[in-house]
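Numbering (the numbering used here), first residue to last: 1 to 523.
Beta carbons: idealized from backbone N, C-alpha and C, even for Gly.
Note that the coordinates shown come from a computational prediction; the quantities given were computed from them, not determined experimentally.
These notes concern the structure reproduced below.
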């Protein structure tokens with residue numbers, strides 16, 4: 001733009017920015033010195049000067065503002081489109097959001113731009129929250145609950161998409177925890193646990209009207225005190241399980257395993273980690289001599305009729321989100337589906353067998369519905385980290401690696417290319433897991449094998465989002481059975497391959513232990 005007389009935008013700022021004659025500073029202009037006879041004249045000059053400044057700079061400021069906005073949007077878009085990686089606070093890659101409200105564990109991936117995916121996600125979320133009813137009720141579209149069950153909805157166990165817990169002392173039934181059962185020391189041809197003849201693979205502590213529940217479990221705890229070398233004390237609680245009310249006769253010998261409901265977010269990302277990556281991390285014979293011998297659980301997949309890499313469940317007993325969901329439908333709620341089309345009744349459970357099925361045919365939940373639920377699980381974004389730049393948090397992160405925690409809780413990896421799901425394709429993620437089985441020692445053992453997993457082996461659970469559990473789910477119970485009351489107790493229960501890391505943690509000064517715990521809280 002050429003400078004022309006009369007063009008307000010071309011006024012030289014040098015002339016405009018000189019304060020008007022008689023101007024003595026803002027304190028005088030605002031009238032804070034009373035009785036000033038030149039107040040009005042100075043004020044008028046001030047207003048005129050300000051107006052000239054605005055006229056002169058408005059076009060320039062508008063251009064700067066618009067340019068800044070466009071550059072910001074362009075830069076963010078370019079970063080994602082060109083494959084650039086986000087910072088370490090983006091735990092789930094570009095799926096990450098920074099919501100810390102009650103919706104933090106069940107939000108659509110932040111980078112989702114597919115309208116169809118969003119619609120399917122919302123439909124799947126609605127099914128996740130749906131309360132099912134027994135057959136022959138007024139809500140015929142979602143009937144067929146039970147006859148034997150543990151919960152009436154997916155989010156009954158996974159409240160807000162988060163972690164379950166053991167029952168509190170004044171609670172009689174499990175609400176977000178289940179008890180797995182199987183014949184002792186036996187497995188099926190493909191490594192699956194052997195169902196109990198009268199009870200199957202899971203204790204259903206509830207039944208619809210006219211169908212007796214299978215039984216009930218109560219938990220008691222004994223505590224053990226200990227001290228760190230610096231004198232700080234701690235206590236651990238050990239659970240004991242008592243079974244009663246076996247309504248179909250007591251089993252003779254059986255194995256059992258208590259399991260709290262895990263997180264559901266980020267599962268699509270975990271499913272997208274290449275099997276080759278997991279195989280590269282595995283060291284079943286500890287050839288490198290570091291005392292850690294993680295291995296993959298191999299699961300016979302009923303869809304492909306082949307062995308697949310186990311990824312989900314406390315012992316990596318499920319190979320895919322779909323299989324995990326369909327198993328939960330039949331085991332937790334008694335809802336038949338295309339993988340499990342028969343009611344979950346044993347030959348001893350006459351009332352269960354005689355109960356009518358739901359109105360939807362051929363199964364109580366359709367393949368289309370479970371497909372949308374799968375997409376919901378696939379595309380839930382991961383909550384980002386908080387306070388990740390805090391010096392104490394950074395110190396804790398370094399200690400996490402120094403004492404060996406990161407040898408199993410691997411900080412980061414990259415997902416495979418997923419053309420059908422660009423949201424989770426080729427993402428740099430930080431789940432803090434290797435998804436492998438590790439021997440955690442006799443203290444945490446459930447003595448129940450699951451495919452290749454022994455009674456002492458557990459999958460390394462992801463740690464992303466763990467710092468939000470207390471805020472979202474109202475508790476801080478950790479590990480597979482919820483025995484640990486917070487991060488420190490969880491660490492102190494680690495044994496087996498993790499014993500060396502536990503002992504190193506004990507030897508840290510108190511300030512260093514606090515830093516490591518603060519780091520976990522930031523995840």
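- When secondary structure is reduced to three states using DSSP, residue 299 falls in the strand class.
- Apart from sequence neighbours up to five positions away, the residues of its chain that approach residue 142 with a beta-carbon distance below 6 Å are 130, 132, ordered along the chain.
- DSSP places residue 316 outside both helix and strand once states are collapsed to three, so it counts as coil.
- The C-alpha of residue 374 lies about 6 Å from the C-alpha of residue 321.
- Residue 358 and residue 159 have their C-alpha atoms roughly 25 Å apart.
- Secondary structure of residue 435 (DSSP, three-state): coil.
- Annotation for residue 421: no alpha helix (DSSP H) segment contains it, and DSSP assigns it neither H nor E.
- By the C-beta density criterion, residue 487 is buried, having at least 16 other C-beta atoms within 10 angstroms.
- A contact is defined here as three or more CB-CB pairs under 8 Å, and the segment 401-414 meets this definition with respect to the segment 498-508.
- In chain order, 428 place their CB closer than 6 Å to the CB of residue 85, counting only its own chain and leaving out the 5 sequence neighbours on each side.
- With a 10 Å radius around the Cβ and a threshold of 16 neighbouring Cβ atoms, residue 180 comes out buried.
- Residue 125 and residue 263 have their alpha carbons spaced roughly 15 Å apart.
- Taking C-beta atoms as the reference points, residue 165 and residue 381 fail to come closer than 7 Å.
- Taking a 10 Å sphere around the C-beta of residue 328, we find 16 or more other C-beta atoms and assign the residue as buried.
- Pairwise C-beta distances place the segment 337-348 out of contact with the segment 169-178, as fewer than three of them are shorter than 8 Å.
- Under the DSSP assignment, residue 179 falls in the beta strand (DSSP E) whose first and last residues are 177-183.
- Within the segment 351-418, complete alpha helix (DSSP H) segments of at least 4 residues are found at 367-378, 391-402, given in chain order.
- Apart from the 5 residues on each side of it in sequence, residue 364 sits with its Cβ closer than 6 Å to the Cβ of 144, 335, 336, 358 in its chain, given in chain order.
- Relative to residue 291, the option among 452, 298, 283 whose CA is nearest is 283.
- In the DSSP assignment, residue 255 is bridged to 182.
- At the C-beta level, residue 211 and residue 352 come within 7 Å of one another.
- Note on the segment 221-277: whole alpha helix (DSSP H) runs with a minimum of 4 residues are 267-271, in chain order.
- Apart from the 5 residues on each side of it in sequence, residue 386 sits with its Cβ closer than 6 Å to the Cβ of 522 in its chain, given in chain order.
- Residue 469 carries a helical assignment under DSSP once its states are collapsed to helix, strand and coil.
- The C-alpha of residue 279 is placed about 15 Å away from the C-alpha of residue 288.
- When beta bridges are read from the DSSP output, residue 281 appears opposite no residue.
- In the DSSP annotation of this structure, the continuous segment of the beta strand (DSSP E) that includes residue 307 starts and ends at 306-309.
- Taking all protein chains shown into account, residue 224 has fewer than 16 neighbouring C-beta atoms within 10 Å of its C-beta and is therefore exposed.
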